[in-house]
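Visitor: Would you mind keeping the following structure in view while I ask a few things?
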Ligand SMILES: Nc1ncnc2c1ncn2[C@@H]1O[C@H](COP(=O)(O)OP(=O)(O)OP(=O)(O)O)[C@@H](O)[C@H]1O
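Residue numbers (the UniProt record's numbering): 1 to 316.
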């Protein structure tokens, strides 16, 4: 089932300095149960797209169906079915944690019993039980982010938009947050659409990423496929023995590309570095060459991002 279906979605801003085409005819879909990451340099149009999909901003043209409701004709239906956690979050620093969540639930028009049930549920999902009676303003950054997400989930949305969920968090809090987001999807079936500047976050968390640049989606695939598309795995092997002999033995292997030699270190590209380790060791063994060390360098999502976006001027 499709939870987002955007077609030709565009947004133009007209300012006194001129016209900015922030989002230019974007088409994409998100299926139920996916965690999809939205990446792109500053000013690419991610926030503008998210704001349109969450009904906070009207598209200039194009259309989208979000959680089964048409953005243009049923924005109230969209709002009821989605959660949106903005970058700053919306929690009131002077409130007690559980009161803030209850208030949010009441704002969605839930009845008394439903409010109590949902508050307990989101407190459990985001591990907030120990913080239940704390004043919001005293929470740490990571705890506060968990509360922000709880507020976005209290009405039980099937789709949640998270705008840079782990911005400003330390590595431990980020990795904890990732496990909460995974749990949301794995145990509660919530579909997650998140924007992030952390490529390791997209890699660790997302089934699929959309890369946006200058208002357009320039790539869309699983992190794994994008990495394979942008560059080979690189195998680096250090040997003891004759490098000429070693080089010849490796060149005979079909999967070895662009072999270079530097002292006793040979380096080559290949599709599947993990498989190449065994074939390399075997080939060198047959040639009576001792392998001192072997490692594989895999392209990262940073390599993908830079390769795809560096040629476009950043409109920050
Ligand atoms: N209200 C507005 N009025 C005029 N221009 C705007 C407005 N909102 C956004 N823009 C412009 O639209 C472009 C896209 O901005 P947007 O905030 O969507 O990018 P982004 O990808 O979310 O960037 P970041 O990663 O920095 O948050 C930018 O050039 C920005 O200056």
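Quick reminder that beta carbons are idealized off the backbone N, C-alpha and C, glycines included.
Name the residue from 15, 34, 11 and 17 whose alpha carbon lies nearest to the alpha carbon of residue 27.
Guide: 11
Visitor: Would you kindly check if the distance between the Cβ of residue 163 and the Cβ of residue 108 is under 9 Å?
Guide: no
Visitor: Taking the C-alpha atoms as reference points, what is the distance between residue 60 and residue 171?
Guide: Residue 60 and residue 171 have their C-alpha atoms roughly 39 Å apart.
Visitor: Return the chain-ordered list of same chain residues with a C-beta closer than 8 Å to the C-beta of residue 289, the five sequence neighbours on each side being excluded.
Guide: 239, 240, 241, 242, 245, 246 and 249
Visitor: What residues does ligand 1 have around it, judged by CB closer than 6 Å to any heavy atom, in chain order?
Guide: 13, 15, 20, 22, 40, 42, 43, 44, 45, 46, 47, 48 and 315
Visitor: Going by the beta-carbon positions, is the gap between residue 268 and residue 256 smaller than 9 Å?
Guide: yes
Visitor: Could you please give the first and the last residue of the uninterrupted beta strand (DSSP E) stretch that includes residue 64?
Guide: 61 to 66
Visitor: Anyone know if the C-beta pair for residue 320 and residue 159 falls short of 9 Å?
Guide: Residue 320 cannot be examined here, being either before or after the span of the chain that is shown, 1 to 316.
Visitor: What does the alpha-carbon distance come out to for the pair residue 266 and residue 308?
Guide: Going by the C-alpha atoms only, they are around 28 Å apart.
Visitor: With the cut-off set at 9 Å, would you say residue 185 and residue 34 are in Cβ contact?
Guide: In this structure, residue 34 lies closer than 9 Å to residue 185 by Cβ.
Visitor: What residues in its chain sit with their C-beta under 8 Å from that of residue 197, if we drop five residues either side in the sequence?
Guide: Correct list, in chain order: 39, 164 and 167.
Visitor: Cutting at 8 Å between CB atoms, please list the residues of its own chain near residue 119, excluding the five before and the five after it.
Guide: Excluding positions up to five away in sequence, the list reads 98, 101, 102, 105 and 154.
Visitor: In three-state terms, what does DSSP make of residue 319?
Guide: There is no way to answer for residue 319, as the model of the chain reaches only from 1 to 316.
Visitor: Is it buried or exposed for residue 52, if we count other Cβ within 10 angstroms and need 16 for buried?
Guide: So residue 52 ends up on the buried side.
Visitor: Could you check the C-alpha separation between residue 151 and residue 291 for me, to the nearest Å?
Guide: 56 Å
Visitor: Residue 214 and residue 301 - do their beta-carbons sit closer together than 9 Å?
Guide: No Cβ-Cβ contact shorter than 9 Å links residue 301 with residue 214.
Visitor: For residue 95, which of 124, 115, 138 and 70 has the nearest alpha-carbon?
Guide: 138
Visitor: Use the C-beta contact count for residue 174: other C-beta atoms within 10 angstroms, 16 or more gives buried, fewer gives exposed.
Guide: buried
Visitor: Grab me the residues of residue 230's own chain with a C-beta within less than 8 Å of its C-beta, minus the 5 sequence neighbours each way, in chain order.
Guide: 299, 303, 304, 307 and 308
Visitor: Cutting at 6 Å between CB atoms, please list the residues of its own chain near residue 17, excluding the five before and the five after it.
Guide: none
Visitor: For a test of the three-state rule: what should DSSP assign to residue 257, helix, strand or coil?
Guide: strand
Visitor: Could you work out which residue in 115, 199 and 205 is closest to residue 180 when comparing CA atoms only?
Guide: 205
Visitor: From the DSSP output, read off the bridge partner residues of residue 11.
Guide: 23
Visitor: Could you tell me which of 45, 19 and 21 sits nearest to residue 210, measuring between CA atoms?
Guide: 45
Visitor: If we count the other Cβ atoms within 10 Å of its Cβ and call it buried at 16 or more, is residue 193 buried or exposed?
Guide: Residue 193 is classed as buried because its beta carbon has at least 16 other beta carbons within 10 Å across all chains shown.
Visitor: Does residue 144 come out as helix, strand or coil in the three-state DSSP assignment?
Guide: Correct three-state label for residue 144: helix.
Visitor: For residue 233, is the classification buried or exposed, using 16 other Cβ atoms within 10 angstroms of its Cβ as the cut-off for buried?
Guide: buried
Visitor: Would you kindly report the start and end of the unbroken alpha helix (DSSP H) that includes residue 273?
Guide: 273 to 286
Visitor: Got a sec, what are the start and stop residues for the alpha helix (DSSP H) residue 49 sits in?
Guide: 46 to 53
Visitor: Starting from residue 130 and walking both ways along the alpha helix (DSSP H), at which residues does that stretch end?
Guide: Neither: residue 130 is in no alpha helix (DSSP H) and is coded neither H nor E.
Visitor: Could you name the residues of the same chain whose beta carbon sits closer than 7 Å to that of residue 315, not counting the 5 residues immediately before and after it, in chain order?
Guide: Bear in mind that the predicted position of residue 315 carries a pLDDT of just 40, short of 50, making it too unreliable to give a figure here.
Visitor: Would you kindly report the start and end of the unbroken beta strand (DSSP E) that includes residue 270?
Guide: Here the beta strand (DSSP E) through residue 270 covers 265 to 270.
Visitor: Is it right to say residue 122 is buried, meaning 16 or more other beta carbons lie within 10 angstroms of its own, or is it exposed?
Guide: buried
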